[in-house]
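In the working numbering, the protein residues as written are 28 to 294.
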Amino acid sequence: LVSLMASASTLWHVEGGNYLVPKKILEHLLKQSDVQFVKGHVKSVTEVHRIDIDDQGGNVRLSYQPTNSQLVHAVDYDNVIIAFPLHRDNINDFVLQATDHFNQHDYRMQSTHANFLHGKLNCQQYNLTKSECERLKAIFYTNPSLPYRCVAQQQTVNENEKQYKKTDKSVYKIFSPDKLSLSDYKQIFDNDNFQLIQDIPWLAYPKYEYPQKMPPIQINKNIFYLNAMEWSSSCMEIEVISARNIAMLLTKKIGVDLKRSDKHVEF
Ligand SMILES: Cc1cc2nc3c(=O)[nH]c(=O)nc-3n(C[C@H](O)[C@H](O)[C@H](O)COP(=O)(O)OP(=O)(O)OC[C@H]3O[C@@H](n4cnc5c(N)ncnc54)[C@H](O)[C@@H]3O)c2cc1C
28 LVSLMASAST
38 LWHVEGGNYL
48 VPKKILEHLL
58 KQSDVQFVKG
68 HVKSVTEVHR
78 IDIDDQGGNV
88 RLSYQPTNSQ
98 LVHAVDYDNV
108 IIAFPLHRDN
118 INDFVLQATD
128 HFNQHDYRMQ
138 STHANFLHGK
148 LNCQQYNLTK
158 SECERLKAIF
168 YTNPSLPYRC
178 VAQQQTVNEN
188 EKQYKKTDKS
198 VYKIFSPDKL
208 SLSDYKQIFD
218 NDNFQLIQDI
228 PWLAYPKYEY
238 PQKMPPIQIN
248 KNIFYLNAME
258 WSSSCMEIEV
268 ISARNIAMLL
278 TKKIGVDLKR
288 SDKHVEF
């Protein structure tokens, strides 16, 4: 079931690309406050043990390489929030030195290929009529021995129903655990009437186990881990709740009143 995530045709999408959402939120945040934004790759987060109690330096050292720079910078902060998943596959990319209670090696991500193709589905193999075939937007495969999990038509942001019916071929997205071959595509699409646009391998979502161990949301006194919640359920809403909870924990910790507002911002 997890492998069907984000397969449907009508997922939310914004004109110009979904990446515009965090971009606009950041622009809004920069206007509203005096936060400093630095674009770069975080190399490590390390707990700092201060021997001198009068030492006012930060408790967490963050090392990062700004984009377009070869130099690695190290800055000490009072608190750090890690907002990307920590797992076995990015252990060489990012070092966390903080506690023995959390072992990054214990957590894994599921790899998924998102294959984008332009073509027409082979409906004949399901004995569908022409009109049924026209209405077929997605197929979810329940046989785990097949190399693919689902195929779904992708709609453009402004596509209206009339235009949509006219087109003979569409763009489809197939999710598969491994790279697909030409013969796999031929099982799904009409004859040789299709074209591969892109195949993107992702470390998609956590590899869930039973019973599932949850990573800590607060790694130590000063380091918070927002994506820990993805190991309960990997979705944007959960991450937003986790971010809000961490903001509340932090404001409580540093004794700042949280401004509550229901104000909606339109971009
Ligand atoms: C194939 C797929 C399907 C999904 N389907 C759905 C769905 O249908 N519905 C849904 O709600 N959710 C879905 N999700 C999950 C959803 O995308 C995630 O829960 C969500 O993106 C998490 O948001 P985030 O900002 O916490 O982390 P991310 O979106 O993972 O963002 C983390 C950011 O940190 C950056 N980063 C990583 N390492 C470093 C570093 N060392 N230094 C600096 N930056 C770094 C990354 O480049 C990235 O920009 C899906 C995910 C995938 C991959």
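We put the CB at the ideal spot given by N, CA and C, even for glycine.
For clarity, every value in this text was computed on a predicted model and none was experimentally measured.
Go ahead and label H140 buried or exposed: buried means 16 or more other beta carbons lie within 10 angstroms of its beta carbon, across all protein chains shown.
Result: buried.
Out of I244, V178, E54, state which residue places its alpha-carbon closest to the alpha-carbon of G146.
The shortest CA-to-CA distance from G146 to any of I244, V178, E54 is the one to V178.
Between which two residues does the alpha helix (DSSP H) harbouring C262 extend?
In the DSSP assignment, C262 falls outside any alpha helix (DSSP H), carrying neither H nor E.
What number of angstroms, rounded off, separates the C-alpha of L155 from the C-alpha of L148?
Their backbone Cα atoms lie some 11 Å apart in a straight line.
Consider the C-beta atom of D120 and the heavy atoms of ligand 1; say whether any pair is separated by less than 8 Å.
In this structure, the C-beta of D120 approaches ligand 1 to less than 8 Å from one of its heavy atoms.
Identify, in the order they occur along the chain, each residue of the same chain with its Cβ nearer than 6 Å to the Cβ of D217, setting aside the five sequence neighbours on each side.
Excluding its 5 nearest sequence neighbours in each direction, D217 has C-beta neighbours in its own chain below 6 Å: K147, N149, listed in chain order.
To the nearest angstrom, report how far apart K196 and S203 are at their CA atoms.
Each residue's Cα considered, the two are about 21 Å apart.
Where the beta strand (DSSP E) through Q222 begins and ends
Taken as a continuous stretch (DSSP letters only), the beta strand (DSSP E) holding Q222 covers 216-233.
N- and C-terminal bounds of the beta strand (DSSP E) containing K70:
Where K70 is concerned, the enclosing beta strand (DSSP E) stretches over 67-74.
Heavy atom of ligand 1 less than 8 Å from the Cβ of K51, yes or no?
K51 has its CB no nearer than 8 Å to any heavy atom of ligand 1.
Which runs of the alpha helix (DSSP H) fall wholly inside the stretch 117-189 and span at least 4 residues, in chain order?
The DSSP assignment places 157-162 as complete runs of the alpha helix (DSSP H) inside the stretch 117-189, in order along the chain (cut-off: 4 residues).
Within its chain, find whatever has a CB closer than 7 Å to the CB of F129; leave out the 5 residues flanking it on each side and keep chain order.
So the qualifying residues of the chain are P242, P243, I246.
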